[in-house]
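*Asks:* Numbering (full-length UniProt numbering), first residue to last: 1 to 272.
1) If you follow the alpha helix (DSSP H) that residue 280 is in, where does it begin and where does it stop?
2) How would you call residue 99, buried or exposed, if buried means at least 16 neighbouring beta carbons within 10 angstroms?
3) Can you list, in chain order, the residues of its chain whose CB lies under 8 Å from that of residue 128, leaving out five sequence neighbours each side?
4) Using a Cβ-Cβ cutoff of less than 8 Å, which residues in the same chain neighbour residue 150 once the five nearest sequence positions on both sides are dropped?
5) Determine, using beta carbons only, whether residue 235 and residue 243 come nearer to each other than 8 Å.
6) From the DSSP output, in three-state form, read off residue 49 for me.
7) Mapping the DSSP letters down to three states, classify residue 106 as helix, strand or coil.
8) Taking DSSP as the reference, what is the three-state secondary structure of residue 252?
9) Considering only the alpha carbon of each residue, which of 8, 251, 75 lies closest to residue 19?
10) Note the first and the last residue of the continuous alpha helix (DSSP H) segment covering residue 176.
11) Assess, as a yes-or-no matter, whether the segment 22-40 is touched by the segment 56-73 under the definition of 3 or more beta carbon pairs within less than 8 Å.
12) Pick helix, strand or coil for residue 237, following the three-state DSSP scheme.
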């Protein structure tokens with residue numbers, strides 16, 4: 001890590017190849033300890049990681065994203081310390097997610113972006129402004145379990161910002177895909193889908209009409225029944241609170257239009 005920082009300080013193209021070699025060696029020793037992550041989190045090192053993530057070789061870009069994930073994961077909710085570099089990192093990560101180079105890089109970029117967005121609402125808004133929300137929603141249509149959980153986690157984190165909620169509410173697939181993913185992927189995915197719907201349905205100083213449309217749409221695609229089922233089979237306390245509040249919000253609009261997907265109840269006996 002110190003060698004990478006030193007090479008980054010030197011700058012210039014000749015150091016590029018050596019930087020990628022050092023980075024490749026570092027990534028093979030993951031998970032990195034706190035001191036290593038601190039060095040990699042220095043402005044000079046981060047600048048090099050971002051540059052490689054955006055313009056390096058395919059292997060270099062993958063390794064850079066993996067290293068960035070290590071750095072922001074070690075922040076433990078304090079990624080605001082990254083300062084203005086956070087915006088550059090977000091742009092590099094979003095570039096990887098929008099134009100994938102390999103599944104491993106996409107997953108690492110989603111995890112890193114999740115940690116950044118979760119730590120700071122301003123960063124969550126920055127992620128939303130890149131136009132990533134529609135990409136995440138559409139990626140959920142045929143995603144496997146691992147990608148679905150990471151995409152839902154990142155989406156939920158971005159929805160903490162008004163910009164994120166506005167972008168999600170404008171996409172016709174957002175609510176239907178969130179409801180569809182309940183009970184079909186994993187317990188974690190179900191909890192993340194509930195949290196995302198809860199954020200969309202709450203009117204936190206935003207567009208009340210848009211929030212209401214989300215709630216009506218959720219009712220139309222069978223969210224009410226699924227949420228009741230979730231309370232019956234059990235979930236974590238935090239999810240239970242959101243589920244209960246979401247049911248209250250939905251109940252105000254009951255009768256506007258509902259339907260039940262029988263497929264969603266196939267595993268009821270097994271679940272209970």
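The beta carbon of each residue, even a glycine, is placed where N, CA and C say it ideally should be.
A quick note: this is a predicted structure, and the numbers were derived from the prediction, not measured.
*Replies:* Checking against the coordinates, here is how it stands:
1) Nothing about residue 280 can be reported from this structure: the residues present for the chain run from 1 to 272 only.
2) With fewer than 16 other Cβ atoms within 10 Å, it is exposed.
3) Contacts found: 158, 161, 163, 164, 166, 167.
4) Closer than 8 Å at Cβ, skipping near neighbours: 107, 110, 111, 114.
5) In this structure, the beta-carbon distance from residue 235 to residue 243 falls below 8 Å.
6) Helix, per DSSP.
7) DSSP, reduced to helix, strand and coil, places residue 106 within a helical segment of the structure shown.
8) Coil, per DSSP.
9) If we check each option's Cα against that of residue 19, 8 comes out closest.
10) Run containing residue 176: 174-181, per the alpha helix (DSSP H) assignment.
11) These segments touch.
12) Reduced to three states, the DSSP call for residue 237 is helix.
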